[in-house]
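**Q** Below you'll find the structure I mean.
Residue numbers (the working numbering): 1398 to 1797.
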């Protein structure tokens, strides 16, 4: 196998034997497609899910059938999905060169065809064989280290509980509005029995019972959010005190981002742990492409127009960068980015909405350079970071 360093691409020597293996994952049964380098048709097998011994046995039998030596390189791929990254790590541990492909990278038939797991795994292994003489890595996603993946669960869990809390609070509010009752926030001290409808009468018992259940759910979600935030604050304080913490470099990068006016812990944490803390971007184009904020032009003959942004990468991170871009205009008015935005999109509501996406892309590149190379742009306002205590964080959460 040879590696092209300039393109960071993995290609295979055409004279070396390679065994291609594609895996179609499901909950109970897995379809395995196996194809030799010079075979015409792949063989398709079925094994029980997570039966790695059976998979290795299939590979050994395929090598014997094709007359390949035991040390023949095995190249495997599978489609990323609900199974997460554990199949990738397991195959790596078994000594198999594996690539996890995004679903939009897998070729789809242009016309209506039959769709079965058997046909899918055949198409997948044939596509894998076709990429041997090209860039095998161009379809693969960037799989995070196992410890980083576990660390990302912290802010993702908080985002989940915030969404659940918002849903319950909106349901509480809608129920009171539908009865013409006074809007009361669901606090621990809120007594549902004292809420009156539009006629000044007590609410029906069934409505009171529903409101009490909603109140319990809202208070529970607030408790869960406070617990996750307490873990984040604890890690940040330990890192600043010089204590040993997990992912010390990324936690320090969170502190570094929080030193910018307009950036708080709940923005800095996901930006670092989802993007800049471990992905190793090499240039600004990779940053913009990962965020999904780059344009997708369409040019064919006399037709030429823009199709919008690519929307690749995590949608929650992209939305957060757009939100941060709005805050950047407000809190960092003296930077070149803000001046550029005001000059180009300062007038007109529609133009500002389009321009904020361009600002978010430029801002993501600015943050990457700030974290990776320590480049502080001219005019950026810095602040002294002070983390709230556990009690202060709880009070802020209750007020929300």
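Where a beta carbon is used, it is the ideal one built from N, C-alpha and C, also for glycine.
Do the stretch 1480-1488 and the stretch 1500-1507 make contact, defined as three or more Cβ pairs closer than 8 Å?
**A** Counting Cβ pairs under 8 Å, fewer than three are found: no touch.
**Q** Per the DSSP calculation, residue 1702 is bridged to which residue(s)?
**A** Paired residue(s): 1695.
**Q** Rounded to a whole number of angstroms, what is the C-alpha to C-alpha distance between residue 1535 and residue 1683?
**A** Straight-line Cα distance between these residues: approximately 13 Å.
**Q** Is the beta carbon of residue 1628 less than 8 Å from the beta carbon of residue 1551?
**A** For residue 1628 and residue 1551, yes; Cβs fall inside 8 Å.
**Q** Just checking, does the stretch 1647-1665 make contact with the stretch 1732-1747 on the three C-beta pairs under 8 Å criterion?
**A** Contact between the stretch 1647-1665 and the stretch 1732-1747 is absent, because fewer than three Cβ pairs lie under 8 Å.
**Q** With DSSP run on the structure shown, which of helix, strand or coil describes residue 1444?
**A** The answer is strand: DSSP assigns residue 1444 an E or B state.
**Q** In chain order, what are the residue ranges of uninterrupted alpha helix (DSSP H) at least 4 long that sit wholly in the stretch 1704-1741?
**A** Within the stretch 1704-1741, the complete alpha helix (DSSP H) runs of at least 4 residues are 1712-1728.
**Q** So what does DSSP say about residue 1499, is it helix, strand or coil?
**A** Coil.
**Q** What would DSSP say about residue 1675, mapped onto helix, strand or coil?
**A** Residue state, collapsed to three classes: coil.
**Q** Give the secondary structure of residue 1755 by DSSP, where H, G and I count as helix, E and B as strand, and everything else as coil.
**A** It is helical.
**Q** Terminal residues of the continuous beta strand (DSSP E) containing residue 1475?
**A** 1470-1476 is the extent of the beta strand (DSSP E) around residue 1475.
**Q** Sort 1768, 1780 and 1726 by Cα distance to residue 1754 and report the nearest one.
**A** The residue with the shortest Cα to Cα distance from residue 1754 is 1726.
**Q** How big is the Cα-Cα spacing for residue 1581 and residue 1563?
**A** About 15 Å.
**Q** What do you reckon, are the CB atoms on residue 1573 and residue 1595 nearer than 8 Å?
**A** Contact flag unset, no.
**Q** Find the nearest neighbour of residue 1587 within the set 1615, 1702, 1601 and 1597, judged by alpha-carbon distance.
**A** Considering only alpha carbons, the answer is 1615.
**Q** Whose CA, out of 1623, 1578 and 1592, lies closest to the CA of residue 1557?
**A** Ranking the options by Cα distance to residue 1557, first place goes to 1623.
**Q** I believe residue 1702 touches residue 1778 by the beta-carbon criterion, under 8 Å. Please report the beta-carbon distance rounded to the nearest angstrom.
**A** Wrong, their Cβ atoms sit about 39 Å apart, outside the cutoff.
**Q** Take the Cβ of residue 1767 as the centre, count every other Cβ of all protein chains shown within 10 Å, and call the residue buried at 16 or more, exposed below.
**A** The residue is buried, with at least 16 neighbouring Cβ atoms inside 10 Å.
**Q** Once the 5 residues before and after residue 1480 are set aside, which same chain residues still bring their CB inside 7 Å of it?
**A** Hits under 7 Å: 1422.
**Q** Does the stretch 1524-1531 come into contact with the stretch 1450-1468, if we say contact requires no fewer than three beta-carbon pairs (one atom in each stretch) closer than 8 Å?
**A** Taking 8 Å as the limit for Cβ pairs, the verdict is that the stretch 1450-1468 does not touch the stretch 1524-1531.
**Q** Below 8 Å on the Cβ atoms is my guess for residue 1636 versus residue 1652; work out the distance and round it to an integer in Å.
**A** About 7 Å; that satisfies the 8 Å criterion.
**Q** Just tell me which of 1440, 1765, 1772 and 1771 has its CA closest to the CA of residue 1677.
**A** The shortest Cα separation from residue 1677 among 1440, 1765, 1772 and 1771 belongs to 1765.
**Q** Out of 1439, 1433 and 1444, point me to the one whose CA is closest to residue 1425's CA.
**A** Answer by Cα proximity: 1444.
**Q** Would you mind working out which of 1670, 1711 and 1699 sits nearest residue 1690, comparing C-alpha positions?
**A** Considering only alpha carbons, the answer is 1711.
**Q** Using three-state DSSP, classify residue 1421 as helix, strand or coil.
**A** Three-state DSSP puts residue 1421 in a strand.
**Q** Which residue from 1736, 1769, 1675 and 1661 puts its Cα closest to that of residue 1718?
**A** Cα-wise, what sits closest to residue 1718 is 1661.
**Q** For residue 1489, collect the residues of the same chain with a Cβ closer than 8 Å to its Cβ; drop the 5 residues on either side in sequence, then sort them by chain order.
**A** Within the same chain, residue 1489 has close Cβ partners 1495.
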